[in-house]
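Following our numbering, the numbering of the sequence shown begins with 1 at its first residue and continues without gaps.
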Amino acid sequence: MEFLKRHYEKLILLFLLVAFIISMIHVLRIIQQTREVTEESLQIPSRKADYEPQDPKAADFDVAARFQKTGLTWRPSVAREKGNEEHFSDLVIPFAMARCPHCSKIIPRSYFQGGPEANKERKEGQKEIPPGKCPLCDGELIQPPEKKGPIWKVTAEDADGDGMSDVDEGKYGFDKTNPHDGCMDKDGDGFSNVYEIKMGTNPTDPRSRPPLWYRLKLSALRRVELPITFRALNANNSDDKQKWDIQLNTKDDRGRERTQIEMLGSIITLDKKEYKIYDILRKQTEIPGQTKDGTKLIKDESVIYLEQCDGNGKDKLEMQVGQKVYSSNPKAILIDTGMKDKVYICDIREVFTMGSRAIGTTRYRLKSIDPKKMTAQLEDPTKFEGDTTLDPAGTSMLVTKDGQIPEEMLVRHDVVEPGMDEFGIGVGRSRR
C-alpha cells in the first residue's frame, strides 16, 4: 500500500499510455481494412427470386382458349363506339347476364333464350348447346318473357288510362285525371287501388283487402349464413372432450358480437332452433415455414357437430374454426311486394306474421318448398283439421316466383301524388 501511495501518479500515467497504444493499434487496423475495401465487396448480394418466370405466350395466358374451356359461349368482343351512355369505356364489353336458378352461377342470358340463339355464337370446338339448358349444370332454363308495355289505355270508360273506370274512381274519391293513382295504395294495406277494385274489395278501407299472402313472391331458395362463428377450441391440456372449452361468437339483430364458452353437450339457440353439441373433432396442424419467437405456428381446423333438439335428429350442422356457418337446408326468400324492402327468410315449419294493427295480422307457416317448380306451400298454423293449406276463401296458399298479383297491378313505392313526371315517378316526398 505504501508503494501505491508513493507511485499512484506514475501508475495512472502508465495505464493511460497503455490505453493510448491499444487505441492506436485499433485505429491502424481500421485504416488497413479500409485500404482493402473493393468495389466488389460493396455489392449487395443478390438472392434467388421468390417467383417463377412466366412466359406470356403460354397457354395459361391465352384468354380466348380459357374462355372456350369453360363451356360457355360468349359474344365476340369488338370495339365499341360511344353512344348515349352516361358512363362509357371501351375497356369494358357489356354482356347480358343472368343467374342459373339451379347452380346459381352467372351465365350469358342467351342460354335462357334457347339453343338456336346461343349456338349462333358457338365457337369451333365447343359442344352444341341444347335448348334451354345451363352449360354448367344442365339444369332446365325457362325462356324469359318479352317485355310488355303498359296494358292500360285511355278509353271512354277510363279517361286517364290507369286501369280504373271513371265510375269506380268517382265512387272511391280518386282523381279521374291522374293516370298514376291506380298503382297507389290509398288505404295502406299493401294492395294497389286497381287490384283491390279488380278483387272486389274497398281500396279506401284497410280492413277490406285480399288475403295478405297474395302479396308474396318467391325470390329464391338458398342456404343463408347464420350469425355465429366457431372461434377457438381450448383442450385444457386434456384428451377428455368433456373438459374442452368451445369459444363461440354470436351476433344479435343489431350486429353486436357476444362471446360465449360452451362445452360438449351444451344446448345453444341458433336460427330460432335449439341445437346440442354432440361431438368435437380436434384438428390442429403446423403451418410450414412459419414460426413466432422460435415456436412453430399452429392452425386450428377443429370442427364441432350439432344436431337439432326436437327429437327427429334430421337437422344437423358442422362448424369449423374461423369458417362461416350456413343453414343446413335451403330457406325460402319471400318478398312482400306490398311493403317496400320487406323480406321473409323462412325455413320449413317456420311461422311468420304479415300485416299490422291497422290492417289486421295473419300468421302463416311454411309447409314445404319445391326447388324444381320454384314454389313454396304455406299453411294456416291455427288449423288442426282439414286441409291446412287453404285460406278462408278455399284457395291453396301456394307462393310462386311470379306471385298472385299481376306485375302491372303491384303497388308502386316510387310513385307519389304531388309532382309526378311523365313516367309516373314522383319527384316529391314518397308516401312510404
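A virtual CB, placed ideally from N, CA and C, is assigned to each residue, including glycine.
Where the beta strand (DSSP E) containing residue i begins and where it ends
| i | result |
| --- | --- |
| Asn234 | 228 to 234 |
| Asn249 | 245 to 251 |
| Met354 | 351 to 356 |
| Ile268 | 267 to 270 |
| Gly139 | Segment: none, Gly139 is in no beta strand (DSSP E) and carries neither H nor E. |
| Lys299 | 295 to 300 |
| Glu257 | 257 to 262 |
| Glu52 | Counting along the chain, Glu52 falls outside any beta strand (DSSP E), and DSSP gives it neither H nor E. |
| Ile107 | 106 to 108 |
| Ile412 | The sequence shown places Arg at residue 412, not Ile. Element bounds for Arg412: n/a, residue is neither H nor E. |
| Arg209 | Where Arg209 is concerned, there is no enclosing beta strand (DSSP E), given that its DSSP letter is neither H nor E. |
| Met97 | 97 to 99 |
Local Cβ density within 10 Å of residue i, reported as buried at 16 or more and exposed below that
| i | result |
| --- | --- |
| Gly265 | exposed |
| Ile359 | buried |
| Cys134 | buried |
| Arg222 | exposed |
| Leu28 | exposed |
| Gln43 | exposed |
| Asp252 | exposed |
| Phe191 | buried |
| Thr337 | buried |
| Val321 | buried |
| Phe3 | exposed |
| Lys331 | buried |
| Thr259 | exposed |
| Leu306 | buried |
| Ile21 | exposed |
| Asn193 | buried |
| Pro53 | exposed |
| Thr295 | exposed |
| Glu504 | Residue 504 cannot be examined here, being either before or after the span of the chain that is shown, 1 to 432. |
| Met404 | Residue 404 is actually Gln in this sequence, not Met. Classification for Gln404: buried. |
| Ala65 | exposed |
| Ser110 | buried |
| Ile228 | buried |
| Cys433 | Any question about residue 433 goes unanswered here, given that the chain covers just 1 to 432. |
| Val18 | exposed |
| Ile261 | exposed |
| Lys10 | exposed |
Which residues DSSP lists as bridging residue i, in chain order
| i | result |
| --- | --- |
| Val399 | Ala376 |
| Arg365 | Val351, Glu379 |
| Thr337 | None, per the DSSP bridge assignment. |
| Tyr275 | Ile268, Gln308 |
| Pro221 | Residue identity check: residue 221 is Leu in the sequence provided, not Pro. Looking at the DSSP assignment, Leu221 forms a beta bridge with Ala332. |
| Leu216 | Asp336 |
| Gly360 | Ser356 |
| Gln320 | Val303 |
| Cys346 | Ala332 |
| Lys445 | Nothing can be reported for residue 445: it is not among the residues displayed for the chain, which extend from 1 to 432. |
| Glu286 | Ile298 |
| Tyr326 | Glu225 |
| Lys444 | Because the chain spans 1 through 432 in this model, residue 444 falls outside it and cannot be assessed. |
| Asp370 | Thr375 |
| Leu281 | Val303 |
Endpoints, alpha helix (DSSP H) assigned at residue i
| i | result |
| --- | --- |
| Val194 | 193 to 199 |
| Lys171 | 166 to 172 |
Contact belief for residue i with residue j at Cβ below 8 angstroms, rounded distance in angstroms
| i | j | result |
| --- | --- | --- |
| Leu212 | Gly394 | Wrong, their Cβ atoms sit about 16 angstroms apart, outside the cutoff. |
| Glu385 | Arg365 | Wrong, their Cβ atoms sit about 15 angstroms apart, outside the cutoff. |
| Ile268 | Tyr275 | 6 angstroms |
| Gln290 | Met263 | Actually they do not touch by this definition, with Cβ atoms about 31 angstroms apart. |
| Ile298 | Ile280 | At roughly 17 angstroms, the Cβ-Cβ gap does not stay under 8 angstroms, so Ile298 and Ile280 are not in contact. |
| Ala220 | Ile333 | 4 angstroms |
| Gly173 | Thr204 | 7 angstroms |
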